[in-house]
Amino acid sequence: MASTEDRVRKLIADNLEVDGKPVDASMDLSSNLTDAGVSSMDIVSFARVIQDAFGIRFTPDQCTELQSIGQLIEYLDANAA
């Protein structure tokens with residue numbers, strides 16, 4: 002089974018675009034999607050994709066606390082079903 006990091010990177014590549022181009026899923030784990038140019042609306046939609054893929058739910062506060070891709074992966078490793 003793929004690692005959480007591999008799964009998240011694939012979901013980023015498959016679901017997020019900036020200026021019509023896929024977001025580079027190989028970005029550093031300390032990066033956040035906003036800095037990569039992803040709109041806030043796309044981030045909200047991506048949160049739903051993550052929730053469905055990992056069987057987890059986020060509160061709005063949790064979404065704002067998870068600032069980087071690395072923090073998201075750590076959260077998923079600790080809380081995903």
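Okay, so the sequence shown: first residue is 2 according to the numbering used here, each after it adds one. In this text, a Cβ means the ideal position worked out from N, Cα and C, and glycines have one as well. If you're wondering where the values come from, they're calculated on a predicted model, not measured in any experiment.
Excluding the 5 residues preceding and the 5 following residue i in the sequence, name in chain order all residues of the same chain whose CB lies nearer than 8 Å to its CB.
i	result
K22	none
A48	F59 and C64
Can you say whether residue i is buried or exposed, counting buried as having 16 or more other CB atoms within 10 angstroms of its CB?
i	result
V39	buried
Quick one, are the C-beta atoms of residue i and residue j less than 7 Å apart?
i	j	result
T5	L67	no
N16	V50	yes
I74	V24	no
I57	S32	no
A3	I13	no
F55	A79	no
Excluding five sequence neighbours on each side, which residues of the same chain lie with their C-beta closer than 7 Å to the C-beta of residue i?
i	result
D7	none
Inside the region 17–50 only - alpha helix (DSSP H) runs reaching at least 4 residues: Whole alpha helix (DSSP H) segments, 4+ residues: zero.
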